[in-house]
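A short write-up of the structure that comes next.
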Amino acid sequence: MDLFRTTNGPVRGFRASAEVVAVLGIPYAAPPFGANRFREPLPAPAWTGVRDCTAFGPVAPQSARLPGSPVWSAGDEDILTLNIWTPAPEGGRLPVLVWIHGGAYTFGSSAQPDFDGTALARADLVVVTLNYRLGFEGFGHIPGAEATAYPDNRGLLDQVAALRWVRENIAAFGGDPGNVTVAGQSSGASSVACLMVMDRARGLFHRAIAHSAASPCYTHEIAAATTREIAAAAGCPATVEGLTSVTPHALVAASDQVVDDYRRDPASGSRHYDPSLYAPVLDGGVLPADPLTGMAAGATRGVDLLVCHTTEEYWLLDAVGSSTRVTTDEQLALFTEDFGLPDGLVAGYRAAMPHAPVLDVYLAVFGDLLFGEYSNRLAELHARAGGRAFLSRFDRRRTGPHGAVRAWHCADIPFAFGNLDTDCLAFLIGGAPTPADHGLARRMMRAWADFAATGDPGWPSVDESTAQARIWSTDDNPVDDRAVDDRAAAIRALWAKADFPVLRP
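In full-length UniProt numbering, the protein residues as written are 1 to 505.
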């Protein structure tokens, strides 16, 4: 049966494979434009008749053009949609995995080929992916506005609305609303961490998976300063009236201009290296605390947490040209100063990488600063506060047609979803997948499915003092990947004096 009844009306999907039905582009909230722009998401309007849900919905406003993915077009407004892959169209009570895509809170969508849920659904999961507001529409601060009318963190509120929709509707697709895991990568993983400490999300999910969570949250002051820059670039006042008077396209273009200005100015501080303008705002309401603080206080102990990061995160950002290159000792010293890194940290990395060029030292430090060490702390603080946490690292490498392919940012996701054979993902994984690659993908999918079903991915949890990690690799034992210490104690010790989250002005 490919027909399903939701609280808004019936929908029809299609057979994605012999075992799995896909239902794409289901509205979970009303279009967030017109009178609804910059406001909390409202319920999706009901429809009569059967809604054909065989194509992804429009993506959120953005300028990115990602391989194999749709692009945003001005006028696309019905962007708050989700997609479902179910192996139990006749009914059932299967675990549910809800995926939140990454993209620096600025780009990306649920329609990316690596997020196709067909293979993962075959592991007896109901898989849900969703779109949410990005960039200024989703995370821009409206100065002087009443929080109840124009709240911060609208993208997070969209995610909460999607989780509410799942709770109310997923049983019709064979899913168990009492067994929901929320998962994400990069800014999607950081969104997951934020949802864990948000009162509005409490009870909407029961487990969490965070791959390569990115560390920054922003204060009101940082968010307000960014708004002034965006408004100036858009040629409008930094007010509710001024910002609502310009189109989403104009705000996307203004954001791109501000990013370019930072890239061109080496004296512009920490944003010069990777100008991410948007992040969750510590507003004290929607987001009452940064995730690390909330976890340390025990606010999340009732949610099982599975954390993963890659061993060479930042090499991807360098490879695609989105990060400023640091190739001299002078540039590396300025980078250290701009981020306020602890004394001796870079020297410690140099000692651990004695023959590496400056660029590699910089990429290693930056990757751990933004992703690796932050991910470690999420798991450890959650465990110390009484929660159950599991830690893993993705360390699969190979030589591809154009040279070495590293265990870099995003490379783990096609494996976790089981999507290795899509041509547009060849760059991430280094060409056609090998039998060993397919074996690794099966093990990673099994770990996700077991964790979503039972809270146990198949290796020991982190205790209060030890960060034992599963290492995902094709090099060693292909049957049972190694369980070893997360990283050398010397490298971990270098970060002991670093404060997180990194609040970048």
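For glycine and all other residues, C-beta sits at the position ideal for the given N, C-alpha and C.
Can you tell me whether residue i is buried or exposed, with buried defined as 16 or more other CB within 10 angstroms of its CB?
| i | result |
| --- | --- |
| histidine 309 | buried |
| cysteine 424 | exposed |
| glutamate 380 | buried |
| histidine 409 | buried |
| proline 87 | buried |
| glutamate 313 | buried |
| threonine 81 | buried |
| histidine 355 | exposed |
| phenylalanine 107 | buried |
| phenylalanine 14 | exposed |
| threonine 474 | buried |
Along the alpha helix (DSSP H) that carries residue i, what are the first and last residues, could you check?
| i | result |
| --- | --- |
| proline 414 | 413-417 |
| cysteine 308 | Where cysteine 308 is concerned, there is no enclosing alpha helix (DSSP H), although the beta strand (DSSP E) it sits in stretches over 304-310. |
| threonine 434 | Counting along the chain, threonine 434 falls outside any alpha helix (DSSP H), and DSSP gives it neither H nor E. |
| tryptophan 315 | 315-319 |
| proline 291 | 291-296 |
| phenylalanine 173 | Unbroken run through phenylalanine 173: none, as it is neither H nor E. |
When you compare the CB positions of residue i and residue j, do they come within less than 8 Å of one another, or not?
| i | j | result |
| --- | --- | --- |
| alanine 233 | valine 307 | no |
| proline 177 | arginine 167 | yes |
| phenylalanine 56 | glycine 25 | yes |
| alanine 162 | tyrosine 28 | yes |
| aspartate 421 | proline 435 | no |
| alanine 416 | methionine 444 | yes |
| aspartate 114 | proline 414 | yes |
| glycine 184 | isoleucine 100 | yes |
| arginine 446 | alanine 123 | yes |
| valine 197 | valine 182 | no |
| alanine 201 | valine 160 | yes |
| alanine 490 | glycine 340 | no |
| alanine 279 | tyrosine 105 | yes |
| glycine 135 | proline 61 | yes |
| valine 281 | histidine 220 | yes |
Report the three-state DSSP secondary structure of residue i (helix, strand or coil).
| i | result |
| --- | --- |
| tryptophan 72 | coil |
| arginine 397 | coil |
| tyrosine 150 | coil |
| glutamine 185 | strand |
| histidine 355 | coil |
| serine 270 | helix |
| serine 375 | helix |
| threonine 81 | strand |
| histidine 211 | strand |
| proline 27 | strand |
| tyrosine 362 | helix |
| threonine 327 | coil |
| isoleucine 113 | Reading the sequence as shown, one finds proline at residue 113 and not isoleucine. Helix, per DSSP. |
| glycine 178 | strand |
| arginine 65 | coil |
| phenylalanine 390 | strand |
| threonine 54 | coil |
Ends of the beta strand (DSSP E) at residue i?
| i | result |
| --- | --- |
| glutamine 468 | 468-472 |
| isoleucine 429 | No beta strand (DSSP E) contains isoleucine 429, which is instead part of the alpha helix (DSSP H) from 426-429. |
| leucine 3 | 3-6 |
| proline 95 | 94-100 |
| leucine 251 | Element bounds for leucine 251: not the beta strand (DSSP E) but the alpha helix (DSSP H), 248-264. |
| arginine 12 | 9-12 |
| leucine 130 | 126-130 |
Under 6 Å Cβ to Cβ from residue i, same chain only, skipping five residues before and after it: list those, please.
| i | result |
| --- | --- |
| tryptophan 495 | Glu373 |
| arginine 154 | Arg133, Gly138 |
| alanine 74 | His249 |
| valine 96 | Val126, Ile170, Gly175, Val180 |
| proline 70 | Val59, Ala111 |
| valine 246 | Ala234, Cys236 |
| isoleucine 84 | Val23, Val128, Phe173 |
Near residue i, what residues of its chain come up, given a Cβ to Cβ distance below 8 Å and the 5 sequence neighbours on each side ignored?
| i | result |
| --- | --- |
| glycine 302 | Gly387 |
| valine 259 | Pro275, Leu277 |
| arginine 263 | His272, Pro275, Thr324 |
| valine 479 | Per-residue confidence for valine 479 stands at a pLDDT of 42, beneath the threshold of 50, marking its modelled position as unreliable; no derived number is given. |
| proline 151 | Arg39, Glu40, Leu157, Asp283, Gly285, Val286 |
| tryptophan 472 | Cys308, Ser392, Arg393, Phe394, Asp395, Arg396, Asp412, Phe415, Leu440, Arg443, Met444, Asp481 |
Under 7 Å Cβ to Cβ from residue i, same chain only, skipping five residues before and after it: list those, please.
| i | result |
| --- | --- |
| leucine 3 | Pro10, Arg12, Val50 |
| alanine 224 | His141, Pro143 |
| histidine 382 | Met295, Thr300, Leu305, Ala389 |
| threonine 7 | Glu168, Asn169 |
| arginine 398 | Val405, Gly430 |
| arginine 350 | Val361 |
| threonine 336 | Val346 |
| alanine 441 | Phe415, Gly418, Leu420 |
| aspartate 256 | Ser63 |
| valine 462 | Ala379, Glu380, Ala383, Ala389, Phe390, Leu391, Gln468 |
| alanine 231 | Pro237, Ala238, Gly242, Leu243 |
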